[in-house]
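Below you'll find the structure, written out as structure tokens, and then a few comments.
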Ligand code: FES
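Residue numbers (this note's numbering): 1 to 155.
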């Protein structure tokens with residue numbers, strides 16, 4: 001006679017039935033959780049690539065300014081203002097300014113002053129970014145776009 005100290009063994013058929021029900025319950029529970037989470041985006045949209053660099057008066061001809069938080073180099077000449085990326089097109093290291101242009105410290109790519117590749121594994125030139133003017137008059141760089149090398153925004 002079964003007692004609390006010696007419970008009756010569960011028949012194999014009952015055990016398999018309970019295991020099957022448990023598995024089905026877990027699968028249904030997981031599906032419901034998945035359906036509830038589906039409408040919520042798993043990846044947040046990337047922040048806009050547009051950022052203000054200040055009014056044109058801060059960029060008289062001859063000005064060279066690096067915006068480190070965006071890895072962008074701003075150059076102002078008599079032709080206007082231009083923005084060029086400082087991110088190496090090989091694997092994304094930040095290039096350093098050198099007397100003959102820019103050098104990448106990671107794998108040795110070299111770029112001339114306009115960002116064109118002159119050596120190393122970089123597959124393409126450093127991109128130039130379009131510049132526009134915001135409603136408040138500030139200059140805006142869009143580092144999600146690209147403009148042909150040598151394009152200056154006339155102020
Ligand atoms: S990341 Fe610049 S050369 Fe490799």
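Don't be surprised by glycine CBs; every beta carbon is placed ideally from N, CA and C. Since this is a predicted model, take the numbers as computed values, not measurements.
Problem - C-beta contact flag for residue 96 and residue 128 at 8 angstroms - result: Taking 8 angstroms as the cut-off, the Cβ atoms of residue 96 and residue 128 do not count as close.
Exercise for the section: Could I get the ranges of all uninterrupted beta strand (DSSP E) runs contained in the region 88–119, with 3 residues as the minimum, in chain order? Expected result: Fully contained in the region 88–119 are the following beta strand (DSSP E) runs of length 3 or more, in chain order: 96–98, 101–103, 117–119.
Handout entry: Straight-line gap, residue 122 to residue 54 (C-alpha atoms, nearest Å)
Key = 31 angstroms
Handout entry: Nearest-angstrom beta carbon gap, residue 149 and residue 114 [assumed within contact, 8 angstroms]
Key = 5 angstroms
Practice task
Note the first and the last residue of the continuous alpha helix (DSSP H) segment covering residue 162.
Solution key: The structure shown does not extend to residue 162, since the chain is modelled only from 1 to 155, so the question has no answer here.
Exercise for the section: Could you give the DSSP three-state label for residue 132: helix, strand or coil? Expected result: Strand, per DSSP.
Exercise for the section: For residue 115, verify whether its CB is less than 7 angstroms away from any heavy atom of ligand 2. Expected result: This structure lacks ligand 2; its bound ligands are ligand 1.
Exercise for the section: Measuring only between beta-carbons, confirm whether residue 49 sits less than 8 angstroms from chain E. Expected result: The structure shown has no chain E; it contains just one protein chain.
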